[in-house]
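In the working numbering, the protein residues as written are 24 to 505. Virtual Cβ for every residue (Gly too), placed ideally from N, Cα, C. Being a predicted model, the structure only gives us computed values, none of them experimental.
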């Protein structure tokens, strides 16, 4: 089990992985992080439980574990099989969206193995040496070293700092998320302690704001239409999802703020830096970088939707491609070409400094490292002062991770148990004013969106309106014939 360890002398935090002495010891450790909901409730509404999980006292106990598994009561289905529902909570310190999907697919593979195989796998890693071999490397360890002597390396980082300071551009003026309340709520919404046997509802330890989650799924016809439009425009499905998110926000903004002139839509998004490396590492741990965002021109809903979609998708595709280049060479990075605006090396270096700043800035004063010095020094980074309308990301096709029908539930062979995938929802606890749109495509070709948002800033009714807008954008409406 992974947990965090605070060094009292240095004030720094590290991760520790406890090495079990046997498979029995490993199972005992894991059982401490499993909550059997049926021990407290005969039946629960999984959507309601999911909503409460966002808004109760922190579920993960970092000093003990960094993830928890909640097993909901089984439901018997008409065909004689059972529906097994799981609520998995993972600390963002160790997982991002991509690695979470990857872990879920591994989890499904493991539960479909015979018990003796699982025990054998556990026994095979019951030493610190073997665990070290399979632990993912720290993100910083994967960055390619700057070529040259110490003086040249310092010169490179000095140039990166100067470029951050003098850089022009950034996000232009954009329209604010039209879903926001006129006045943000000062206190978290009241939450009935409906699951107080498994969650802690103490007011003193609850989050200072409420978080909501909403899902939108395009119909089979609308999903096929989006994919077809993307192919005809020669853009990625991910760019199409960015475009649809933008068009949805434009449509809502236009209705709420009628005008002949509107600022553009901007979308901030997390970067997956794995693709920048010559040999991309697997998605087996948290690895995030942050982009400045992409800008899409505002297009009136009076224009044909297919034309608007193609234009916006091409615009998104062009801007997203900047972040899809890969470092060249054998892992060594010189200064030649690396300082170009869209160079992966510059993006990695700039993102690294930005990440250090973000982490330190979010820590309370007593948790900050006494030896910390802002790597940017006196050269403050240039900022445009404008924020994005919302956040958008695309995980891509879920078939990469799991799809229905992978495991046969009727013909078990020599197994006594089988579990097959049906559906998944994933989200994060949003921060102040955030509206984070995540998109994916199921193995059946259905385009889906999941949003984690600040419920203090955006009402559930407004989020539901967004859902209806998104699901209806590409629906073909029949015209009545006379």
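Judged by DSSP secondary structure, residue 112 falls within the beta strand (DSSP E) whose first and last residues are 109-113. Shown here, residue 105 sits in a strand according to DSSP, grouped into three states. When the Cα atoms are used, residue 245 and residue 471 turn out to be separated by approximately 11 angstroms. If only uninterrupted beta strand (DSSP E) runs of at least 3 residues are considered, those enclosed by the stretch 466-494 are 470-477. Beta-bridge annotation (DSSP): residue 413 is paired with 290. For residue 304, the closest alpha carbon among the candidates 442, 278, 334, 163 is that of 163. Taking a C-beta distance under 8 angstroms as the contact criterion, residue 198 and residue 286 qualify as a contact pair. Between residue 288 and residue 272, the C-beta spacing is below 8 angstroms.
Distance check between residue 89 and each of 419, 112, 97, 73 places 112 closest, using alpha-carbon atoms only.
Between residue 67 and residue 92, the alpha-carbon positions lie close to 16 angstroms from each other. The C-beta distance from residue 442 to residue 107 rounds to 6 angstroms, short enough to meet the 8 angstroms contact threshold.
Here the stretch 164-177 does not lie against the stretch 467-482, with fewer than 3 beta-carbon pairs under 8 angstroms apart. Put simply, the stretch 71-85 touches the stretch 220-233. At least three CB pairs are less than 8 angstroms apart. The three-state reading of DSSP puts residue 174 in helix, counting H, G and I together.
With 16 or more neighbouring CB atoms inside 10 Å of its own CB, residue 373 falls in the buried class. Between residue 325 and the set 341, 274, 364, the nearest pair of CA atoms involves 274. Residue state for residue 419 is assigned as strand, using DSSP reduced to three classes. In the same chain as residue 258, and ignoring 5 residues on each side of it, the C-beta atoms closer than 7 angstroms to its own belong to 336, 337, 340, in chain order. Selection 397, 202, 496 evaluated against residue 330 yields 496 as nearest (Cα-Cα). DSSP places residue 223 in the coil class of the three-state scheme, outside both helix and strand. At least 8 angstroms separates the beta-carbon of residue 375 from that of residue 294. By a beta-carbon distance limit of 8 angstroms, residue 128 contacts residue 424. Their separation comes to about 4 angstroms.
The three-state reading of DSSP puts residue 206 in coil, since its state is none of H, G, I, E or B. Within the same chain, Cβ atoms closer than 8 angstroms to the Cβ of residue 466 are found at 420, 421, 422, 425, 426, 427, the five residues on either side in sequence being excluded. Under DSSP, residue 461 forms a beta bridge with 416, 473. Look at residue 313 here: in three-state DSSP terms it is strand. When Cβ pairs closer than 8 angstroms are counted between the two stretches, the stretch 306-315 is seen to touch the stretch 114-134, the count reaching three or more. Of the other Cβ atoms in all chains shown, fewer than 16 fall within 10 Å of the Cβ of residue 98; this residue is therefore exposed. In the three-state reduction of the DSSP assignment, residue 319 falls in the strand class.
The alpha-carbon separation between residue 459 and residue 415 amounts to approximately 6 angstroms. For residue 26, there is no enclosing alpha helix (DSSP H); the enclosing beta strand (DSSP E) covers residues 25-29. Shown here for residue 461: same chain residues with a beta carbon closer than 6 angstroms to its own, the five before and five after excluded, namely 416, 473 in chain order. With contacts defined as CB atoms closer than 8 angstroms, residue 145 and residue 46 qualify as a contacting pair. Residue 49 sits buried, since 16 or more C-beta atoms from the chains shown fall within 10 Å of its C-beta. With respect to the C-alpha of residue 317, the residue from 130, 343, 387, 122 having the closest C-alpha is 343. If you draw a straight line from the Cα of residue 141 to the Cα of residue 266, it is about 44 angstroms long.
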